[in-house]
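Sequential numbering of the sequence shown, starting at 6, is according to this note's numbering.
Worksheet: the structure to be examined is printed underneath.
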Amino acid sequence: MKLLTSPATKAATLLVLPLLAIAGTLEQGDVREVSADSALLPLKLSGSLEVAGLQFDLAYPSALATIGQPTVSSAAASHQAQSGQISAGVLRVVVYSTSSATLPQDLILNLPIVLGAAKVDPGPLMVLSNIRFTDAQGNGIAATSRIGAVTAWKRTHFTTTELNDPTVSGDRGDPDDDGMENLMELLSGADPKAADSANRQPLVNRQHDATTGEPYMVLRWRKLKDLEGLQPRVEMGTELANWPMLLPSIPSGVEDETTIEMQAKVQMEGPERVFLRLTVQRQ
Ligand SMILES: [Ca+2]
Numbered sequence: 006m007k008l009l010t011s012p013a014t015k016a017a018t019l020l021v022l023p024l025l026a027i028a029g030t031l032e033q034g035d036v037r038e039v040s041a042d043s044a045l046l047p048l049k050l051s052g053s054l055e056v057a058g059l060q061f062d063l064a065y066p067s068a069l070a071t072i073g074q075p076t077v078s079s080a081a082a083s084h085q086a087q088s089g090q091i092s093a094g095v096l097r098v099v100v101y102s103t104s105s106a107t108l109p110q111d112l113i114l115n116l117p118i119v120l121g122a123a124k125v126d127p128g129p130l131m132v133l134s135n136i137r138f139t140d141a142q143g144n145g146i147a148a149t150s151r152i153g154a155v156t157a158w159k160r161t162h163f164t165t166t167e168l169n170d171p172t173v174s175g176d177r178g179d180p181d182d183d184g185m186e187n188l189m190e191l192l193s194g195a196d197p198k199a200a201d202s203a204n205r206q207p208l209v210n211r212q213h214d215a216t217t218g219e220p221y222m223v224l225r226w227r228k229l230k231d232l233e234g235l236q237p238r239v240e241m242g243t244e245l246a247n248w249p250m251l252l253p254s255i256p257s258g259v260e261d262e263t264t265i266e267m268q269a270k271v272q273m274e275g276p277e278r279v280f281l282r283l284t285v286q287r288q
């Protein structure tokens with residue numbers, strides 16, 4: 006009895022560990038706007054080098070968008086992608102290779118989105134489900150999924166109806182009317198539905214250097230410590246229509262649990278006017 010049990014336990018352990026090690030993750034990236042009426046949904050793969058083929062379903066609001074044919078990224082050139090409508094507003098996408106090659110890490114697929122007349126900025130709510138991975142031998146591999154940082158943040162703050170309404174949840178929406186657009190609310194760790202962001206608004210001040218007395222303009226702004234998916238920029242110009250210069254930002258030394266204050270500084274020369282502003286884009 007003892008002789009039989011012991012080897013069987015060991016064999017089971019050996020089988021389970023490799024399965025966990027090759028689990029892969031399909032990430033629904035943040036939708037990127039391409040033009041006024043089209044956008045791209047990027048799909049990325051991570052966690053396993055063994056995924057040779059995959060399929061998933063994508064649910065989307067068909068009244069607001071049409072999904073085009075998926076295209077594999079140049080890094081996944083040994084693969085092809087096909088899609089078909091399985092019901093109203095649900096698309097099934099299959100990615101496969103006739104040579105049994107494995108898929109690369111990171112971006113593998115782009116889905117083009119044609120935005121409807123009621124344009125959602127940058128795209129309506131898209132939900133991945135029923136994800137399946139296979140290896141080069143056609144065996145199933147454990148599949149998990151995640152969503153891009155900006156999309157994940159929006160889903161925690163907005164309802165499904167709001168997610169499909171750009172005046173509420175769009176990148177440039179400002180539903181709490183506090184002057185901070187949604188991407189800026191995310192950047193600074195604020196609540197997009199509560200106008201409580203006064204202490205998170207970017208602030209411009211004129212200062213004098215403590216030692217030399219030279220005048221400076223300083224822009225202070227806050228960002229999440231674990232910021233993902235956004236690219237903040239401090240821009241400078243001498244008139245409000247043009248912002249030709251980028252200024253570097255460094256931590257000011259002020260922080261709280263979740264955010265850190267940054268500052269961008271420029272020395273003033275003569276009586277010339279200088280304008281500073283903070284912008285934020287998706288990465
Ligand atoms: Ca706001």
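We treat Cβ as the ideally placed atom computed from N, Cα and C, and that holds for glycine.
Distance from the Cα of Leu-188 is smallest, within the candidate group Leu-281, Asp-62, Pro-127, Ser-79, for Pro-127.
Three or more beta-carbon pairs separated by less than 8 Å are not found between the segment 152-166 and the segment 77-88, which leaves the two stretches without contact. Around the beta carbon of Thr-156, 16 or more other beta carbons sit within 10 angstroms, so the residue counts as buried. Residue state for Thr-76 is assigned as strand, using DSSP reduced to three classes.
Taken atom to atom, the span from the alpha-carbon of Gly-153 to that of Thr-139 is near 23 Å. Contact between Ala-28 and Thr-107 fails: their C-beta atoms lie close to 14 Å from each other, not under 8 Å. The set of residues with CB atoms less than 6 Å from any heavy atom of ligand 1 reads, in chain order, Asp-179, Asp-181, Asp-183, Met-185, Glu-190, Pro-197. When secondary structure is reduced to three states using DSSP, Ala-81 falls in the helix class.
As computed with DSSP, Lys-124 is found in no beta bridge at all. A check of alpha carbon separations from Asp-183 across Val-259, Ser-254, Asn-204, Asp-35 identifies Asn-204 as the nearest. Secondary structure at Asn-187: helix, using DSSP grouped into helix, strand and coil. According to the DSSP assignment, Arg-160 belongs to no beta strand (DSSP E) but to the alpha helix (DSSP H) extending over 154-162. Assignment of beta-bridge partners to Val-132 by DSSP yields Ala-64.
As the crow flies, the alpha-carbon of Gln-60 is around 5 Å from that of Val-98. Leu-133 sits away from Leu-45, with the two beta carbons spaced by 8 Å or more. Rounded to the nearest angstrom, the gap between the Cα atoms of Gln-288 and Phe-280 is 24 Å.
Counting along the chain, Val-36 sits inside no alpha helix (DSSP H), nor does DSSP assign it H or E at all. Around the CB of Gln-33, 16 or more other CB atoms lie within 10 Å, so the residue is classed as buried. In this structure, the straight-line span from the alpha carbon of Pro-47 to that of Arg-160 is close to 18 Å. Per DSSP, reduced to three states, the secondary structure at Thr-216 is coil, with no helix or strand assignment. In this chain, Ser-102 is not harboured by any beta strand (DSSP E), its DSSP state being neither H nor E. Rounded to the nearest whole angstrom, the CA to CA distance from Gly-218 to Ser-40 is 48 Å.
In this structure, Leu-283 and Val-239 form a Cβ contact; the two beta carbons are roughly 6 Å apart against a cut-off of 8 Å.
Of the candidates Lys-270, Asp-176, Val-173, Ser-51, Ser-51 places its Cα closest to the Cα of Ala-147. If you draw a straight line from the Cα of Val-36 to the Cα of Lys-198, it is about 22 Å long.
Excluding five sequence positions before and after Ser-174, the CB atoms of its chain that fall closer than 7 Å to its own CB belong to Lys-159, Phe-163, Glu-167, Leu-168, Asn-187, given in chain order. About 6 Å separates the Cβ atoms of Val-271 and Met-241, confirming a contact at the 8 Å cut-off.
Distances from the alpha-carbon of Lys-230 to those of Glu-262, Tyr-221, Pro-220 put Glu-262 closest.
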